[in-house]
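One structure below.
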Amino acid sequence: MSLFNFSKQKKAKTQQVEFLDTDLARQDSDSSSVMTVDNQPDKNVLAVDETTNLDANDNQINQHEKVHHFNHIAQQPVELSATGLSENLLLDLLIKHLQIASVLTLRELSKQMALAGGIVQQLIDVAKHKAWVENAQSKPDGQMRYTLSSIGELQADKALNKSGYLGPAPVPLVQYKKICTLQSSREKSVTLSKLTDCFREITFPAELLTKVGPALNSIKPILIYGNAGTGKSYFCRHLNLVFGDEVLIPYAIAVNEEIIQVFDPEIHRLSQQGQQENILKLANAYDPRWMLCHRPLIVSGGELTAKMLEVSFDPSSKTYLAPLQLKANNGILLLDDLGRQKITPKELFNRWIIPLEERRDFLTLQSGLHFELPFELILLFSTNLSPADLVDDAFLRRLGYKIEFQSLSKQHYQKIWFNECLENGLLCELSVFEYLVEHLHKLHSRKFLPCYPRDFIAIIKDQMIFKELTPEINKELLDFAWQSYFIE
């Protein structure tokens, strides 16, 4: 019951994190781009400049509205008390930054700590009073620079020995709980029309939507099962299309005086707005300790262990890192190949019984401190095994939705095949496709799986390049791809 167009995915560009400059506002200079659907030329060619300007104005308005929304739920603090953090924690962070950089200006410190200049100046004044910080030679443009005194160096060593975290100021746990709950994807209803629109570029049977849609509105996890190659993982990796919006992810959270890093550039994709420096005035900006990202999608397969579900502490760097489910909050967590992990399905479900039912998780720090966090994510399990072989009926009932992915009909298989040919710039006669179906699939009793067209055509292209052939698929190339792919 699963049909997909396995289009080639572009490699993700490396995300570089730049924190908002809290003192200066810069004008956005990004150029507008024109996109056409299905590569069809724009009929209104003469009005393209005019349309581009209108689109740019609309985009700027949308960006301002978006920032205003996030400013409403995470307003940038302008006083130390509004950060929700203790003065001691921020002082330790300040002197650690100064020790690593040796000399910094107020603006540089403000940017690295993601705090307003007034708050950083207040911290500098306190550090000066304690004789930890002293003035250095000013820059040519007159900006005052700061450095550590000998006493400050000793204090910075103590701070680093206590916690090796070095980054933006964290957000307090209580604020994280509030904002994470406000951004829950459960607040957005998924309808058939919305789901159909989001997946219009991906081909699969319409009846699959009628099963997946209600499951996305449920608070219970989803189990997707079926034979290998039926498109389970591919489908799950595209579920974020349903929501398509952006959320705030904290760089780190503070639990008492301990700091846990949450933001992971390999997982969290900064939005276009999030990659820009502040284009609005301070009064309209959201708290730069939060990163504006697309809803996260985390996929974990056979490498999953029980330790990955708990807060980890690195004794050499003395830093805490968030577990998978914390990084996936406000997004999707897909546990692929269920039953092949080092942790058994029963152990996994036992770990998450309370989070699954109460939408809250309990974590522990190295000190033994327990704390509670929201469990606001869509949890998906995918497996090639029979669900009955994984866990007992009691656990299966807790999963809520069990959706089976099956092989394709010939009609759906044909559609995927010719879509792949088109995307790869290859010609293929219908008679050649019939040869694939009648003389290869049926002869060898192979079902129609959505992964086959992509894999066969990749092998065929390799052979074409090697033998310098014209880009047209024939029976001999199909035979070569089939023999290379399967071990009969």
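Converting from the sequence shown to my numbering requires adding 7 to each position, the first position being numbered 1.
C-beta: ideal position from N, C-alpha, C; glycine also.
In chain order, what residues of the same chain lie with their CB nearer than 6 Å to the CB of residue i, ignoring the 5 residues before and after it?
{"i": "residue 262", "result": "180, 378"}
{"i": "residue 289", "result": "Low confidence applies here, because residue 289 scores a pLDDT of 49, under 50, leaving its location unreliable; read the following figure in that light. Same-chain partners within the cutoff: there are none."}
{"i": "residue 341", "result": "243, 306, 387"}
{"i": "residue 67", "result": "Any reading at residue 67 needs caution, since the residue's pLDDT is 48, under 50, leaving its predicted position unreliable; the model's value is listed next. Counting only Cβ-Cβ distances below 6 Å, and skipping sequence neighbours, we find nothing."}
{"i": "residue 460", "result": "423, 424, 427"}
Give every residue of the same chain whose Cβ lies closer than 8 Å to the Cβ of residue i, excluding the five residues on either side of it in the sequence, and list them in chain order.
{"i": "residue 439", "result": "480, 481, 482, 485"}
{"i": "residue 77", "result": "255, 293, 297, 299"}
{"i": "residue 232", "result": "239, 389, 390, 391, 392, 393, 394, 409, 410, 411, 412"}
{"i": "residue 401", "result": "none"}
Just to confirm before moving on: does the CB-CB distance between residue i and residue j stay below 8 Å?
{"i": "residue 299", "j": "residue 277", "result": "yes"}
{"i": "residue 417", "j": "residue 398", "result": "no"}
{"i": "residue 492", "j": "residue 466", "result": "yes"}
{"i": "residue 391", "j": "residue 234", "result": "yes"}
{"i": "residue 197", "j": "residue 91", "result": "no"}
{"i": "residue 171", "j": "residue 324", "result": "yes"}
{"i": "residue 5", "j": "residue 267", "result": "Missing from the structure shown is residue 5; the chain here goes from 8 to 495 and no further."}
{"i": "residue 265", "j": "residue 372", "result": "yes"}
{"i": "residue 343", "j": "residue 414", "result": "no"}
{"i": "residue 218", "j": "residue 173", "result": "no"}
{"i": "residue 297", "j": "residue 123", "result": "no"}
{"i": "residue 210", "j": "residue 422", "result": "yes"}
{"i": "residue 193", "j": "residue 250", "result": "no"}
{"i": "residue 428", "j": "residue 464", "result": "yes"}
{"i": "residue 407", "j": "residue 295", "result": "no"}
Three-state secondary structure (DSSP) at residue i?
{"i": "residue 254", "result": "strand"}
{"i": "residue 142", "result": "strand"}
{"i": "residue 89", "result": "helix"}
{"i": "residue 157", "result": "helix"}
{"i": "residue 451", "result": "coil"}
{"i": "residue 330", "result": "coil"}
{"i": "residue 222", "result": "helix"}
{"i": "residue 349", "result": "coil"}
{"i": "residue 354", "result": "helix"}
{"i": "residue 179", "result": "strand"}
{"i": "residue 77", "result": "helix"}
{"i": "residue 409", "result": "strand"}
{"i": "residue 188", "result": "helix"}
{"i": "residue 461", "result": "helix"}
{"i": "residue 275", "result": "coil"}
{"i": "residue 480", "result": "strand"}
{"i": "residue 380", "result": "strand"}
{"i": "residue 319", "result": "strand"}
{"i": "residue 373", "result": "coil"}
Using alpha carbons as the reference points, say which of the options lies closest to residue i.
{"i": "residue 184", "options": "470, 382, 195, 429", "result": "382"}
{"i": "residue 385", "options": "338, 419, 88, 234", "result": "338"}
{"i": "residue 88", "options": "113, 126, 102, 111", "result": "126"}
{"i": "residue 348", "options": "309, 431, 141", "result": "309"}
{"i": "residue 331", "options": "301, 475, 269, 451", "result": "269"}
{"i": "residue 147", "options": "346, 389, 470, 112", "result": "112"}
{"i": "residue 368", "options": "404, 393, 329", "result": "329"}
{"i": "residue 477", "options": "451, 435, 215", "result": "435"}
{"i": "residue 326", "options": "433, 169, 230", "result": "169"}
So, for residue i: in the same chain, excluding its five sequence neighbours on each side, which residues have a beta-carbon less than 7 Å away from its beta-carbon?
{"i": "residue 271", "result": "334"}
{"i": "residue 350", "result": "311, 312, 313"}
{"i": "residue 130", "result": "97, 98, 101"}
Below 8 Å, can you find three or more Cβ-Cβ pairs linking the segment 243 to 253 to the segment 202 to 218? yes
Sufficient close CB pairs (3 or more, under 8 Å) joining the segment 127 to 141 to the segment 216 to 226: no
Across the segment 97 to 110 and the segment 310 to 327, are there enough close Cβ pairs to call them in contact, namely three or more that are closer than 8 Å? no
Does the segment 165 to 179 come close enough to the segment 355 to 371 that 3 or more CB-CB pairs lie under 8 Å? No: the two stretches stay apart, fewer than three of their Cβ pairs being nearer than 8 Å.
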